[in-house]
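Residue numbers (our numbering): 65 to 614.
What follows is one structure encoded as structure tokens, with my remarks underneath.
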Ligand code: OOB
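The following block contains the structure:
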């Protein structure tokens, strides 16, 4: 049964029945999946954590740890349905924590290590989180200080659990596990497993409710397409909490297959290449800017990367020129991935012709993924025409969590998700991403919602109006440009001061505008709205005019 709940619209019963009958939804849960793998091969290594002193946890060990931590969470009053914000770097505890939460039916809320107090405060207060899990210090940043700031503003947040050395008001995660207990009310396959973050185009990030059934389908569906089996070794180079390295096929896909997960503390070649060589990594996933860096670094030839069979690239458009360089440079097959945390994931297939691999963003995982390409009035367009991508299917959500107004705008009445992506379909059914209609900047895979940054800049006392747009960038694909109109009579402000102002409001660094331009007024559209199209054209022209001549 998947009737709508108070928190989010579920899959209508007729669809749930269809997805079960088709065999997509297998009635599994994450807690049971780990239990099964541990029973099948307890001694096989599940997680390799070079940052954590080179720890190697077997399936048996991960399973036992998750049981003990689950019991400890229950003993501290965290139970089914409770939300727990998890913000961890790529360390083994990330998996111990999420599997413990999965087992008791508490919902991890997946924050990224880059998030700062504004975002974390929102996640904790909006989800009424019972707990927040952080590292002590990672990449030189002290998350305990962040936790204290958040807790001061969110009194309902009862627990802060720290991986490593806790602060005074915190609990060391290592002190939480207790003797395993039987879980009285374990989650059911159709129930929510976690809340993922949306890249978003609105003032605050929206939360994406994913069920055990739907997400697990995306895992084994991805495994089949990407050739992941028990002999695979997946390198997690991107932040583990992001949907791409989590599930496409990602760490959870690898664990579903009984494969090995290697955690890279950073994605740079100096860290990742020795790990590939030492651990015999067979596949990994990267955003386009990193894929470029890797192809260049591989040419130096200092490391044996011959174990690498598949490189998945997604999160932002991978240019055809860059895509063509992958196979010669890295000696592996490229798989383009066009996915979204809301659901739909497309892959080029391993046996697609090279031209398809380098010129398209793949096709859906499931025969039951419904794809529509429509015009501005939702009329279906003929194959090959460029239009808005709408989708519905066995692992695409029917609505955001506690967001009825957004849902009315982001979904059609019959449940199709409006992706905000502008695409066309090839005759072979592959999707080519041509652009975007949503008000978002895709900064090399990191999504910046224009409205969110505009709201922060508007809080500056000298600012009358602001419009945030993308500008082309050779490395990241896009960067962020804020056009600012100052208040009449306001003291002149420098662009660095605007950037500093945004940074000091406690936002992830990738959201600070790369460039700030001051103008007297904005160009307008025919009906008097700010014309972002003209602003984008203006900054692109300016960049061309000032680019160093080759
Ligand atoms: C992935 O997920 P999100 O939720 O961070 O971002 C989704 C959006 C898409 O709607 C699209 O605008 C863009 O990111 N995108 C791409 C792309 N992959 C994602 N645009 C062009 N080409 C691509 N290959 O980014 C994500 C989730 C799962 C797997 C892979 C990526």
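Think of the CB as a built atom: it goes at the ideal place given N, C-alpha and C, for glycine as much as any other residue.
Asked	Found
Leaving aside the five residues before and after residue 428 along the sequence, list all residues of the same chain whose C-beta is less than 6 Å from its C-beta, in chain order.	410
Go ahead and label residue 539 buried or exposed: buried means 16 or more other beta carbons lie within 10 angstroms of its beta carbon, across all protein chains shown.	exposed
On the DSSP bridge assignment, give the partners of residue 300 in chain order.	327
Measuring CA to CA, which of 513, 567, 523 and 503 is closest to residue 595?	503
Identify which residue in 470, 468, 486 and 400 has its Cα closest to the Cα of residue 439.	486
Taking 7 Å as the cut-off, does the CB of residue 381 come closer than this to any heavy atom belonging to the ligand OOB?	yes
Does DSSP classify residue 95 as helix, strand or coil?	helix
Can you give me the C-alpha to C-alpha distance between residue 546 and residue 381, rounded to a whole angstrom?	22 Å
My understanding is that residue 98 touches residue 157, with C-beta atoms under 8 Å, so please give their C-beta distance in whole angstroms.	In fact, because the Cβ distance is near 15 Å, the residues do not count as touching under 8 Å.
Indicate whether residue 234 and residue 216 have their beta-carbon atoms separated by less than 8 Å.	no
Taking the CB atoms as reference points, tell me whether residue 196 and residue 224 lie closer together than 8 Å.	yes
In the segment 444-504, which residue ranges form an unbroken beta strand (DSSP E) of at least 3 residues, counting only runs that do not cross its ends?	451-456, 481-489 and 495-500
What is the rounded straight-line gap between the Cα of residue 175 and the Cα of residue 519?	21 Å
If I measure Cβ to Cβ from residue 628 and keep anything under 8 Å in the same chain, skipping five residues before and after, which residues do I get?	Past the boundaries of the shown model lies residue 628; the chain is included only from 65 to 614, so the question cannot be answered.
Helix, strand or coil for residue 545 per DSSP?	strand
Among 550, 551 and 536, which one has its Cα closest to the Cα of residue 544?	536
So, using beta-carbon positions, are residue 40 and residue 135 closer together than 8 Å?	Nothing about residue 40 can be read from this structure; the chain reaches only from 65 to 614.
Give me the Cα-Cα distance between residue 304 and residue 76, rounded to the nearest whole angstrom.	31 Å
Would you say the beta carbon of residue 97 comes nearer than 7 Å to a heavy atom of the ligand OOB?	no
So, helix, strand or coil for residue 66, using DSSP?	In this predicted model, residue 66 has a pLDDT of only 45, less than 50, meaning its place in the structure is not dependable; the value taken from the coordinates is given anyway. Residue 66 falls in the coil class under three-state DSSP.
Would you check if the segment 343-356 and the segment 313-327 touch, i.e. whether three or more CB-CB distances between them fall below 8 Å?	yes
Using 8 Å as the Cβ pair cut-off and three pairs as the minimum, do the segment 248-260 and the segment 371-380 touch?	no
Am I right that residue 401 and residue 422 are in contact with their C-beta atoms under 8 Å? What's the rounded C-beta distance?	The pair is not a contact, with the Cβ atoms about 14 Å apart (cut-off 8 Å).
Would you list the residues sitting across from residue 89 in a DSSP beta bridge?	BP columns for residue 89 are empty, so no partner.
Can you find at least 3 beta carbon pairs, one from the segment 507-522 and one from the segment 562-582, that sit closer than 8 Å?	yes
Got a sec: does the ligand OOB put a non-hydrogen atom nearer than 7 Å to the Cβ of residue 262?	yes
Going by other Cβ atoms of all chains shown within 10 Å of its Cβ, with 16 needed for buried, is residue 528 buried or exposed?	exposed
Who are the Cβ neighbours of residue 361 in its own chain at under 6 Å, not counting the five residues just before and after it?	333
Sorted by chain position, which residues of the same chain lie with C-beta nearer than 8 Å to residue 298's C-beta, five sequence neighbours on each side aside?	292, 313, 314, 315, 317, 318, 323, 324, 325, 326, 345, 346, 347 and 348
On the DSSP bridge assignment, give the partners of residue 425 in chain order.	Answer is none; residue 425 lacks a bridge partner.
Any chance the CB of residue 511 is under 7 Å from a heavy atom of the ligand OOB?	yes
Bridge partners of residue 225, per DSSP?	197 and 235
In the DSSP output, which residue or residues are listed as bridge partners for residue 615?	Lying outside 65 to 614, the shown extent of the chain, residue 615 is not represented and no answer is given.
Apart from the five residues on each side of it in sequence, which residues of its chain come closer than 7 Å, Cβ to Cβ, to residue 493?	427
Quick one: is the Cβ of residue 404 within less than 7 Å of any heavy atom of the ligand OOB?	yes
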